[in-house]
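Undergrad: Got a structure for you, questions after.
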Amino acid sequence: MINPHLKKNTNLYQMYVSDNQSNQVEVIRSSWQVGKTVEIEKLMDEKYSGSIITLDEYLSDLNQLDFLKIDVDGFDYKVLTGAKNLIAKFRPKVFIELGEYHLNLNNDSSEDIINFFEKNNYKGELENGEPMPSINHVKEILSHQSHINAFFTPKT
39 MINPHLKKNT
49 NLYQMYVSDN
59 QSNQVEVIRS
69 SWQVGKTVEI
79 EKLMDEKYSG
89 SIITLDEYLS
99 DLNQLDFLKI
109 DVDGFDYKVL
119 TGAKNLIAKF
129 RPKVFIELGE
139 YHLNLNNDSS
149 EDIINFFEKN
159 NYKGELENGE
169 PMPSINHVKE
179 ILSHQSHINA
189 FFTPKT
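Structure below.
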């Protein structure tokens, strides 16, 4: 094990995290497989009828939040907006996936995510350290690859 202390400092919870109850979908996918066939893809979908919670609700008693990682394959913007109060209160650094195709499946976009951070006085950079380019440049990158990760930090 790379970090033997991780287990005692980590709790895992399986839950549907989004922005609110009105965005519930009937079918979810909890994992992705590269090079899958259409038949395998259909087997990966799961029916879901449980409850939805926002990070604002789930972490309402939190006293500190320094870092937030969001990588939920197309639901990233919904989870982000469900954490808007936490982000406003604690101003954490946020690592998030920008994947236009999967975001579009949920009527969201990379532009929505970038605009969210701009409105909240954050600056962004791509995972390679490049300052956040224009949204058109991000879309150009995403026209050649499925996703790119971005890191957003509060402006000082």
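Heads up: take any position in the sequence shown, counting from 1, add 38, and you land on this note's numbering. Note that beta-carbon positions come from the ideal geometry of N, C-alpha and C, so glycine has one too.
1) Measuring straight from C-alpha to C-alpha, what distance separates Thr191 and Ala126?
2) Would the stretch 130-142 count as touching the stretch 95-112 if we require 3 or more Cβ pairs under 8 Å?
3) Suppose the cutoff is 6 Å on Cβ atoms and the five residues either side in sequence are ignored; what does the same chain contact list for Pro130 look like?
4) Leaving aside the five residues before and after Lys149 along the sequence, list all residues of the same chain whose C-beta is less than 7 Å from its C-beta, in chain order.
5) Determine the extent of the beta strand (DSSP E) in which Phe189 is found, giving its start and end residues.
6) From Ile78, Gly88 and Val55, pick the residue whose C-alpha is nearest to that of Lys116; which is it?
7) Hey, could you find the ends of the beta strand (DSSP E) Val132 is sitting in?
8) May I have the straight-line CA-CA distance separating Phe128 from Ile134, to the nearest angstrom?
9) What does the Cβ neighbour count give for His43, buried or exposed, with the cut at 16 atoms within 10 Å?
TA: On the basis of the supplied data:
1) Translated into positions along the sequence shown, residue 191 becomes position 153. Translated into positions along the sequence shown, residue 126 becomes position 88. Rounded to whole angstroms, Thr191 to Ala126 spans 12 Å at the Cα level.
2) yes
3) Taking the first residue of the sequence shown as position 1, residue 130 is located at position 92. Correct list, in chain order: Leu103, Asp104, Phe105 and Leu106.
4) Taking the sequence shown and counting its residues from 1, the one referred to as residue 149 is at position 111. According to the sequence shown, residue 149 is Glu rather than Lys. The answer, listed in chain order, is Ile173.
5) Here residue 189 is taken as the residue at index 151 of the sequence shown, counted from 1. Residues Ile186 to Pro192.
6) Mapped onto the sequence shown, residue 116 falls at position 78. Lys116 has its Cα closest to that of Val55, out of Ile78, Gly88 and Val55.
7) Translated into positions along the sequence shown, residue 132 becomes position 94. Taken as a continuous stretch (DSSP letters only), the beta strand (DSSP E) holding Val132 covers Lys131 to Leu136.
8) In the sequence shown, residue 128 corresponds to position 90, counting from 1. In the sequence shown, residue 134 corresponds to position 96, counting from 1. Distance between the alpha carbons of Phe128 and Ile134 is about 17 Å.
9) Locating residue 43 in the sequence shown gives position 5, where the first residue counts as 1. When all chains shown are included, His43 counts as exposed.
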